[in-house]
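Worksheet: the structure to be examined is printed underneath.
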Amino acid sequence: MYQGDCQCYLESDEYKAYKEIEEQIGHCTPEQAWAMYYVSIGMVRENIAMAVMEHIARGNKALLVEFPELAPAEREFTNRVKADHASLYSEGGTSPGSRRCP
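Each residue of the sequence shown is one higher than the one before, counting from 164 in our numbering.
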């Protein structure tokens, strides 16, 4: 991947949606995060799970209590979360490496 691909991904609607969810998870209670996860489906649910994992990796113990199944299993957790997040979009053909700026 070269710089143009990275810039396109950072400007993509998918990435912006994920970042909005990640920010919202940071501002809500663990119970509210669980409710958001519980009522969501599809890509929204995946983004919520990835955002929760990111916050847990940053040390949010309250989310860890509410989402123990999303606890890190290895030291390189943050890198794995980012790789998993990128692979979600590759299934739909919109991975950072396959996106091109118009």
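Every residue gets a Cβ at the ideal spot worked out from N, C-alpha and C, and that includes glycine.
All values derive from a computational prediction rather than experimental measurement.
Asked	Found
With DSSP run on the structure shown, which of helix, strand or coil describes Asn223?	coil
Would DSSP call Pro235 helix, strand or coil?	coil
To which residues of the same chain is Arg208 closer than 7 angstroms at the C-beta, ignoring the five residues directly before and after it?	Tyr200
So, are the CB atoms of Ala196 and Leu233 less than 8 angstroms apart?	no
Can you give me the Cβ contacts of Ala214 inside the same chain, cut-off strictly under 6 angstroms, excluding the 5 residues immediately before and after it?	Ile184, Glu185, Ile188
Note down the Cα distance separating Tyr111 from Val228, rounded to an integer number of angstroms.	Nothing can be reported for residue 111: it is not among the residues displayed for the chain, which extend from 164 to 265.
What residues in its chain sit with their C-beta under 6 angstroms from that of Pro193, if we drop five residues either side in the sequence?	Ala225, Leu226, Glu229
Ignoring anything shorter than 4 residues or poking outside the segment 186-225, list the alpha helix (DSSP H) runs there in chain order.	193-202, 205-220
Quick one: is Val202 buried, meaning 16 or more other Cβ sit within 10 Å of its Cβ, or exposed?	exposed
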